[in-house]
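S.K.: Each residue of the sequence shown is one higher than the last, beginning at 1 in the UniProt record's numbering.
Using N, Cα and C, we set each Cβ at its ideal position, and we do this for glycine too.
Starting off with a structure, shown below.
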Amino acid sequence: MLTLAFSIFNTSLSHTRCPAEINTPKTIIYATNCIAKGIVIAKLNESKKLCWFPLTCPTGSIRVPIPFQQNHGMCGPECRCPSWTTSCSFSSSPRKENSRISNIPFNIASYRPEHVCSFSPSDNCDKRKRIDKFNQVQLYDDTLLIVPELHVIIKDYIDADDFLCFDVNGDQRAAKMPYTGTSYFCNKNNCDDHAELFCTFGTPSAILVTPEGGESLLVKAWGVTTKEYYGHIPVEPSHPSISRTCSKGGIHISVTSPTTAIEACINSYCQFVADPSDSNIVFPMTFAAFNYKVEISAWNDGKLIYQQGIECQASPVCELIECSLCFEFIYNPNCWSRTQIVMTGTILFVALLTLSVLHPVLRLFSLLIKFPALLRQRIIRKIFSKLIKRPEPFAMYTGNRRRLLLAISFIVTIAPTQPCSDIISVTATEEACVQNRDDSTCTFNQASIVTLQPLNQETCLLLKNNNNSYAGMITIRVKGLYFTCKRKTEFFTRDHHFYSESVHRCRFSGSCNTGTCDKTKPTDKLKELSNTANNHPGYTFCAASCGCLTCGSCFFCLTSCLFYRYYAYPETPTVYTVFNCPLWEFTVDAHITLQQNDHSEGTDLVLHPARTARWNNIRISLIASMVPQMPILSSTFVTDGKTIAITKPATSGQLIPNTIGQLQCTGTRNIFDAASQAMPVFAHRQQIKPYVPAVTEISARYSKKTQLPQVNKNIMIYQKGSEVIAKTKVGTAIQLHIVTEDLKMVSTRLNTTCSVITSELSGCYDCLAGAQVSIACKSERGETTAEIHCGDQLQIAICTPTGHINTVFLNFNTSRIKENCTLSCPGGTTSFEIVGELSYFNDGVLLQQQGVTKSISDNSLTLPSFNSF
1 MLTLAFSIFN TSLSHTRCPA EINTPKTIIY ATNCIAKGIV IAKLNESKKL CWFPLTCPTG
61 SIRVPIPFQQ NHGMCGPECR CPSWTTSCSF SSSPRKENSR ISNIPFNIAS YRPEHVCSFS
121 PSDNCDKRKR IDKFNQVQLY DDTLLIVPEL HVIIKDYIDA DDFLCFDVNG DQRAAKMPYT
181 GTSYFCNKNN CDDHAELFCT FGTPSAILVT PEGGESLLVK AWGVTTKEYY GHIPVEPSHP
241 SISRTCSKGG IHISVTSPTT AIEACINSYC QFVADPSDSN IVFPMTFAAF NYKVEISAWN
301 DGKLIYQQGI ECQASPVCEL IECSLCFEFI YNPNCWSRTQ IVMTGTILFV ALLTLSVLHP
361 VLRLFSLLIK FPALLRQRII RKIFSKLIKR PEPFAMYTGN RRRLLLAISF IVTIAPTQPC
421 SDIISVTATE EACVQNRDDS TCTFNQASIV TLQPLNQETC LLLKNNNNSY AGMITIRVKG
481 LYFTCKRKTE FFTRDHHFYS ESVHRCRFSG SCNTGTCDKT KPTDKLKELS NTANNHPGYT
541 FCAASCGCLT CGSCFFCLTS CLFYRYYAYP ETPTVYTVFN CPLWEFTVDA HITLQQNDHS
601 EGTDLVLHPA RTARWNNIRI SLIASMVPQM PILSSTFVTD GKTIAITKPA TSGQLIPNTI
661 GQLQCTGTRN IFDAASQAMP VFAHRQQIKP YVPAVTEISA RYSKKTQLPQ VNKNIMIYQK
721 GSEVIAKTKV GTAIQLHIVT EDLKMVSTRL NTTCSVITSE LSGCYDCLAG AQVSIACKSE
781 RGETTAEIHC GDQLQIAICT PTGHINTVFL NFNTSRIKEN CTLSCPGGTT SFEIVGELSY
841 FNDGVLLQQQ GVTKSISDNS LTLPSFNSF
């Protein structure tokens with residue numbers, strides 16, 4: 001709350017101050033209300049003169065009603081600001097009459113941020129409702145204005161003529177000399193001891209200074225608020241060589257300049273098109289269900305020639321469905337036309353009517369068919385009735401059994417309840433002894449076990465001394481949970497080609513003798529093969545072949561030898577290291593603040609499991625963590641020494657063709673020595689040289705698609721130097737053991753209520769991506785966390801006084817959604833409703849309807865797998 005400090009000067013006008021005697025009869029005519037320190041103007045009943053005296057309200061604000069009644073208090077609770085903000089002014093300046101929308105310049109009154117088309121539905125704007133934070137001020141006629149910046153100045157008075165004057169009857173008059181007033185007023189103006197008017201500066205005013213500095217507005221309130229808005233209809237920019245436009249479920253790219261490849265990415269999902277000219281790239285509807293931004297990159301001969309993004313609106317699924325009798329059309333009833341609805345109803349009515357007419361006939365026909373079988377069965381049963389033992393009937397439930405069953409069912413169906421709180425805290429007493437040479441000293445400290453989620457919220461613990469009086473407060477903020485990879489190197493590899501070399505030898509010629517092929521081992525180096533083949537990693541084989549003169553001009557008609565070797569040859573000097581992470585070291589980053597005796601200090605701590613961190617007589621230990629399963633942590637990684645990427649699983653000793661593990665070396669020095677192992681190939685007996693992309697193309701592909709960081713809903717894996725680190729928040733909880741020496745700890749929470757503003761629900765139903773809704777949560781005071789319950793779905797939201805925007809994902813199995821939800825804050829529960837119409841997506845059918853050929857889709861969706869290895 002704003003305060004006003006009035007300086008008291010020992011001037012010749014000191015007689016304007018009221019007498020110090022409390023019992024002096026006087027009538028109060030004015031007070032500077034709604035501030036903690038101000039003045040009161042009164043009329044002395046005996047002399048009929050006006051005087052003033054200072055007034056301070058340390059626990060509230062000045063609240064003097066006019067006319068003032070005797071025995072009525074002058075102090076009261078703080079004056080409240082408008083509900084949308086916590087910053088306001090209670091100016092009594094006459095200038096506030098000019099704070100009206102009619103006096104505001106047009107450029108200020110009509111201001112809208114660049115991304116806002118309108119704050120209400122309009123045909124010229126996007127149809128989807130969104131929410132965002134905006135700078136807002138309130139004029140004294142209660143008009144709300146959006147402004148680009150909040151630059152507010154508090155002044156005791158706007159100019160030298162900005163003051164209030166009163167006559168001896170207590171009526172407010174226009175300023176006219178001569179006049180007198182308070183000491184502070186007379187220090188700024190020329191006062192007359194014999195004047196009839198008594199003047200003073202009023203309650204301070206708040207002035208908004210515009211960015212240009214040319215306009216200053218008197219405002220009643222200001223702050224950051226959350227509002228609904230509608231964005232612009234996107235206008236596509238042009239490019240001289242590459243033009244791209246948004247299409248149904250993707251983008252359309254036209255290329256007029258030489259281009260080798262184009263990459264289009266939404267978040268971390270990318271598609272590649274080689275030698276593009278006129279390409280239509282369609283993304284899975286789980287990505288195009290919401291408004292999406294596509295990052296486009298183009299290369300020519302390994303050089304990046306173009307990189308730009310384009311924002312696209314989500315395509316209505318009805319425009320993507322081109323069939324009338326398919327599941328996609330049936331599951332999206334919002335796409336049906338009135339004619340189709342009428343036709344469907346007519347067909348169903350005719351079908352039911354026909355079925356009702358034919359039902360007796362069909363039943364009679366069925367009985368005629370079954371009659372011989374029923375007659376035969378009855379005759380057999382009559383003959384063998386004595387041999388057939390009837391099963392005993394089930395015992396009927398008595399009334400007692402039925403009541404017992406109902407009681408058991410009722411007990412089973414009762415759902416366990418849990419208390420709602422910000423944190424879970426358990427307090428205990430700890431005895432710690434320190435043993436010296438001659439004696440030991442024991443202290444009794446209090447310990448707290450706190451369970452919380454790493455949502456960057458603050459956990460507060462009050463400190464009390466032995467007398468149970470307040471001694472300070474500890475604030476803990478968990479910033480993140482991290483996993484650091486402890487790597488294990490599987491093998492080293494390089495970019496390479498596979499070659500084969502073969503030589504035919506007759507019996508008793510060279511290395512070919514009786515039984516040679518049976519004795520030849522894959523590691524043998526034969527003199528018939530070249531040094532290149534023998535000195536590079538590979539495998540040697542021998543196959544029995546034909547003899548006689550017709551087979552290589554052999555003299556003996558005995559089986560000959562066909563020696564051949566497959567070997568790998570390096571293409572680039574880059575050495576890749578393939579590793580995995582069998583162990584992840586778990587750490588927690590936290591910030592702790594200690595407030596004592598109007599002094600605050602804090603520090604950052606890195607907590608390790610079962611280790612104690614000490615700071616300022618405070619001990620914190622991480623004793624437990626609850627982390628969901630994260631299969632991505634078992635991935636295989638590859639690095640060239642600079643960047644790290646995720647690759648397909650590869651294990652040392654397993655030489656799998658067309659993977660990064662088809663060539664494995666044990667060290668980085670002499671990587672193509674005899675210790676290397678290459679994948680054996682048995683399919684050819686002639687020299688081969690398959691095409692392998694250049695290393696620049698490989699690096700570009702894996703760095704764009706699988707290079708760290710990789711992000712999904714629950715975890716982010718990123719590279720920090722040469723380390724691989726994973727960070728997670730969602731679905732995790734930790735327990736901290738906190739000990740303070742010679743102090744008690746009491747957990748506290750902010751008992752505040754919350755309100756919400758929601759956007760329109762959008763997305764898909766019966767799909768993995770789910771539906772998305774933006775929820776702006778505003779707390780009455782302070783920052784807190786809240787639980788959102790929509791049916792049986794639970795989400796966590798952060799609430800702030802200005803309204804924090806939370807993006808929440810929910811899953812539904814119907815198209816039209818009108819769901820009642822509740823938001824639980826520490827101070828109570830708020831009900832709200834989310835409304836929207838979802839679509840059903842089948843990517844395979846939609847891709848076919850868009851005319852995307854299988855070959856292009858398969859090529860563009862293939863993940864890089866280092867096939868060149």
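Please tell me whether residue 166 and residue 29 are closer than 7 Å, where the distance is taken between their beta carbons.
M.R.: Yes, Cβ-Cβ distance for residue 166 and residue 29 is below 7 Å.
S.K.: Whether or not the stretch 240-252 and the stretch 121-130 are in contact is what I'm after, with contact meaning three or more pairs of Cβ atoms, one per stretch, closer than 8 Å; do they touch?
M.R.: No, the stretch 121-130 is not in contact with the stretch 240-252.
S.K.: Would you please state the rounded distance, in angstroms, between the beta carbons of residue 225 and residue 85? I believe it to be under 8 Å.
M.R.: At roughly 7 Å, the Cβ-Cβ gap stays under 8 Å, so residue 225 and residue 85 are in contact.
S.K.: Following the continuous alpha helix (DSSP H) through residue 619, name the residue where it begins and the one where it ends.
M.R.: Element bounds for residue 619: not the alpha helix (DSSP H) but the beta strand (DSSP E), 618-626.
S.K.: Closer than 6 Å by C-beta to residue 873: which residues in its own chain qualify, once you throw out the five before and the five after it? Chain order, please.
M.R.: Given a span of 1 to 869 for the chain in the structure shown, any question on residue 873 remains unanswerable.
S.K.: Within the continuous beta strand (DSSP E) that includes residue 297, where are the two ends?
M.R.: Here the beta strand (DSSP E) through residue 297 covers 292-300.
S.K.: Give the straight-line distance between the Cα atoms of residue 45 and residue 25, rounded to the nearest whole angstrom.
M.R.: Straight-line Cα distance between these residues: approximately 6 Å.
S.K.: For the stretch 758-834, which segments carrying the beta strand (DSSP E) assignment without a break, of at least 3 residues, lie completely within its bounds, in sequence order?
M.R.: The stretch 758-834 contains these whole beta strand (DSSP E) runs: 771-779, 784-790, 793-799, 804-810 and 816-825.
S.K.: Residue 774 and residue 807 - do their beta-carbons sit closer together than 7 Å?
M.R.: Result yes, Cβ atoms of residue 807 and residue 774 sit closer than 7 Å.
S.K.: Judging by CA-CA distance, which residue of 248, 824, 180 and 505 is the nearest neighbour of residue 777?
M.R.: Measuring from the Cα of residue 777, the nearest candidate turns out to be 824.
S.K.: Express the C-alpha separation of residue 353 and residue 381 in angstroms, rounding to a whole number.
M.R.: Their backbone Cα atoms lie some 40 Å apart in a straight line.
S.K.: Does the beta carbon of residue 610 sit closer than 7 Å to a beta carbon anywhere in chain C?
M.R.: Looking for chain C here will not work: only one protein chain is present.
S.K.: Express the C-alpha separation of residue 356 and residue 376 in angstroms, rounding to a whole number.
M.R.: Whole-angstrom Cα-Cα distance: 31 Å.
S.K.: In its own chain, which residues sit with a C-beta less than 6 Å from the C-beta of residue 710, not counting the 5 before and 5 after it?
M.R.: Around residue 710: 717.
S.K.: In the DSSP assignment, the alpha helix (DSSP H) including residue 136 goes from what residue to what residue?
M.R.: Taken as a continuous stretch (DSSP letters only), residue 136 belongs to no alpha helix (DSSP H), being part of the beta strand (DSSP E) at 125-138.
S.K.: So, are the CB atoms of residue 751 and residue 803 less than 7 Å apart?
M.R.: The answer is no: Cβ separation not under 7 Å.
S.K.: Spatial neighbours of residue 862 within its chain, please: CB distance less than 7 Å, with the 5 preceding and 5 following residues excluded, ordered by chain position.
M.R.: Legend: pLDDT at residue 862 = 30, less than 50; position of this residue unreliable, value from coordinates given subsequently. Contacts found: none.
S.K.: How is the alpha helix (DSSP H) around residue 716 delimited, first residue to last?
M.R.: Taken as a continuous stretch (DSSP letters only), residue 716 belongs to no alpha helix (DSSP H), being part of the beta strand (DSSP E) at 715-720.
S.K.: State buried or exposed for residue 219, treating a residue as buried only when at least 16 other CB atoms are found within 10 Å of its CB.
M.R.: Under this definition residue 219 is a buried residue.
S.K.: If we ignore side chains and look at the alpha-carbon of each, how far apart do residue 130 and residue 330 end up?
M.R.: Going from the Cα of residue 130 to the Cα of residue 330 covers about 29 Å.
S.K.: Between 38, 590 and 17, which has its C-alpha nearest residue 51's C-alpha?
M.R.: It is 17.
S.K.: Within the same chain, show all residues whose beta-carbon is closer than 8 Å to that of residue 487, passing over the 5 residues directly before and after it, in chain order.
M.R.: Around residue 487: 579, 580, 581, 637 and 724.
S.K.: Could you give the DSSP three-state label for residue 185: helix, strand or coil?
M.R.: Three-state result, residue 185: helix.
S.K.: Could you give the C-beta distance for residue 202 and residue 91, rounded to a whole number, given that I count them as a contact under 8 Å?
M.R.: With 8 Å as the limit, residue 202 and residue 91 qualify as a contact, their Cβ atoms being about 7 Å apart.
S.K.: Please name the residue, chosen from 227, 177, 472 and 588, that lies closest to residue 479 on a Cα-to-Cα basis.
M.R.: It is 588.
S.K.: Which term fits residue 461, buried or exposed, when burial requires 16 or more other beta carbons within 10 angstroms of its beta carbon?
M.R.: Its Cβ being crowded by 16 or more others within 10 Å, residue 461 is buried.
S.K.: Below 8 Å on the Cβ atoms is my contact criterion, and I expect residue 155 with residue 207 to pass it. Report the Cβ-Cβ distance as a whole number of Å.
M.R.: Yes, residue 155 and residue 207 are in contact; Cβ-Cβ is about 6 Å, under 8 Å.
S.K.: Taking one C-beta from the stretch 499-507 and one from the stretch 525-534 each time, how about it: are there three or more such pairs within less than 8 Å?
M.R.: Contact holds: three or more Cβ-Cβ distances are below 8 Å.
S.K.: What do you get for residue 870, buried or exposed, if any count of 16 or more other CB atoms within 10 angstroms of its CB means buried?
M.R.: Residue 870 falls outside the range modelled here, since the chain spans only 1 to 869, and no answer is possible.
S.K.: Looking only at its chain, what residues have a beta carbon closer than 7 Å to the beta carbon of residue 812, apart from the 5 residues adjacent to it on each side?
M.R.: Closer than 7 Å at Cβ, skipping near neighbours: 765, 771 and 838.
S.K.: Who are the Cβ neighbours of residue 293 in its own chain at under 6 Å, not counting the five residues just before and after it?
M.R.: Taken in chain order, the residues that qualify are 309 and 311.
S.K.: If distances are taken between C-alpha atoms only, which option among 544, 569, 570 and 565 comes closest to residue 558?
M.R.: Out of 544, 569, 570 and 565, 544 has the C-alpha closest to the C-alpha of residue 558.
S.K.: What's the C-alpha gap between residue 655 and residue 604?
M.R.: Their backbone Cα atoms lie some 47 Å apart in a straight line.
S.K.: Just mark residue 160 as buried or exposed, buried being the case when its beta carbon has 16 or more other beta carbons within 10 Å.
M.R.: Flag for residue 160 reads exposed.
S.K.: Within this structure, are the beta carbons of residue 135 and residue 147 separated by less than 7 Å?
M.R.: Yes, they are a contact pair.
S.K.: Determine contact between the stretch 509-522 and the stretch 534-544, defined as no fewer than three beta-carbon pairs at a distance below 8 Å.
M.R.: Counting Cβ pairs under 8 Å, three or more are found: they touch.
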